[in-house]
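One structure below.
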Amino acid sequence: MSKLFDIYQVLFRRYGKQNWWPADSAFEIMVGAVLTQNTSWINVEKAIDNLKQADALSAEAIVNASAKRLADLLRPSGYFNVKARRLQAYCQWLLAEGGEAELARRDTDTLRRQLLNVHGIGPETADDILLYAFGRPVFVIDAYTRRLFSRLGVIDGSEPYETLRGLFENTLASDPQLFNEYHALIVIHAKDCCRPKPRCEQCCLAGQCASASH
DNA sequence: ACCCAGGGTCATA
DNA sequence: TATGACCATGGG
Numbered sequence: 465m466s467k468l469f470d471i472y473q474v475l476f477r478r479y480g481k482q483n484w485w486p487a488d489s490a491f492e493i494m495v496g497a498v499l500t501q502n503t504s505w506i507n508v509e510k511a512i513d514n515l516k517q518a519d520a521l522s523a524e525a526i527v528n529a530s531a532k533r534l535a536d537l538l539r540p541s542g543y544f545n546v547k548a549r550r551l552q553a554y555c556q557w558l559l560a561e562g563g564e565a566e567l568a569r570r571d572t573d574t575l576r577r578q579l580l581n582v583h584g585i586g587p588e589t590a591d592d593i594l595l596y597a598f599g600r601p602v603f604v605i606d607a608y609t610r611r612l613f614s615r616l617g618v619i620d621g622s623e624p625y626e627t628l629r630g631l632f633e634n635t636l637a638s639d640p641q642l643f644n645e646y647h648a649l650i651v652i653h654a655k656d657c658c659r660p661k662p663r664c665e666q667c668c669l670a671g672q673c674a675s676a677s678h
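Whatever position you read off the first sequence (first residue = 1), add 464 for my numbering.
Printed below as a string of structure tokens:
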């Protein structure tokens with residue numbers, strides 16, 4: 465009876481299990497969450513590869529690197545000066561708080577507030593980290609989520625972030641695995657469906673357009 | 001040449 | 001509260 469869960473099932477049947485987040489460690493997820501801000505994932509992968517090859521994919525290495533050196537490694541992911549500063553702020557905070565294991569002891573609401581206090585960590589990045597790095601039942605709202613569900617007539621699309629997060633978290637079962645898969649499916653589907661500004665202004669799930677990929 | 005990509009900060013009204 | 005400028009690379 466839940467429209468949101470019905471849509472999840474349609475997406476799951478169409479695209480299957482996504483096994484997100486693509487990374488080798490929780491820390492790599494955190495770094496990726498910052499680097500992917502308004503940036504295509506393929507470019508983020510290049511920057512993460514640079515960090516790995518420079519043996520710089522750790523909080524200590526990132527904090528100790530010069531801003532210029534770090535920005536150079538991050539270059540392929542765009543906004544490299546901005547992201548260098550954000551990653552250093554995040555890693556400095558992470559180390560000051562005692563590391564990942566210490567953060568993992570905190571309750572979700574507390575941790576979320578603290579994440580939002582870090583420079584460069586906004587609601588979506590915080591929720592990426594909470595859900596994918598810490599396994600907390602937090603629903604990530606991104607531009608694709610707004611576009612898909614407004615095209616399906618479920619939301620207006622201009623609601624505040626917290627309003628939409630509340631809608632998903634209160635309507636669906638509070639299951640990290642469900643939230644994990646759902647957000648991943650929304651992203652995968654977006655790459656396979658109507659662009660932001662095609663004439664159709666529809667989602668291929670709405671039955672208006674025959675196919676994906678315009 | 002244009003559009004877009006798994007946002008966030010800051011200044012302004 | 002809500003816009004707008006700004007950040008910047010790379011693929012289609």
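Every residue gets a Cβ at the ideal spot worked out from N, C-alpha and C, and that includes glycine.
- Query: Along the chain, which unbroken stretches of the beta strand (DSSP E) at least 3 residues long are found entirely within the segment 486-570?
  - Reply: none
- Task: Identify, in the order they occur along the chain, each residue of the same chain with its Cβ nearer than 7 Å to the Cβ of V474, setting aside the five sequence neighbours on each side.
- Result: L669
- Pairwise C-alpha distance: P624 and S466: 22 Å
- Query: Since A607 is in the alpha helix (DSSP H), which residue starts that stretch and which ends it?
  - Reply: 607-615
- Rounded to the nearest angstrom, how far is the Cβ of F643 from that of L468, given a contact under 8 Å? With a Cβ gap of about 11 Å, F643 and L468 do not count as contacting.
- From the DSSP output, in three-state form, read off P660 for me. coil
- Task: Can you tell me which of the three DSSP states Q666 falls into?
- Result: coil
- Message: With a threshold of 6 Å on Cβ separation, who are the neighbours of L538 within its own chain once the five nearest residues in sequence on each side are excluded?
- Response: A511, F544, K547, A548
- Among L534, D573, S530, R629, which residue has its Cα nearest to the Cα of Q517? L534
- Task: Within its chain, find whatever has a CB closer than 8 Å to the CB of P587; leave out the 5 residues flanking it on each side and keep chain order.
- Result: L580, I605, Y625, E626, R629
- Item | Nearest candidate by alpha-carbon position, reference Y479, set K661, D513, K655 | K655
- Query: Can you tell me the Cα-Cα spacing of E509 and A520, whole angstroms?
  - Reply: 14 Å
- Item | First through last residue of the alpha helix (DSSP H) which encompasses P587 | 587-592
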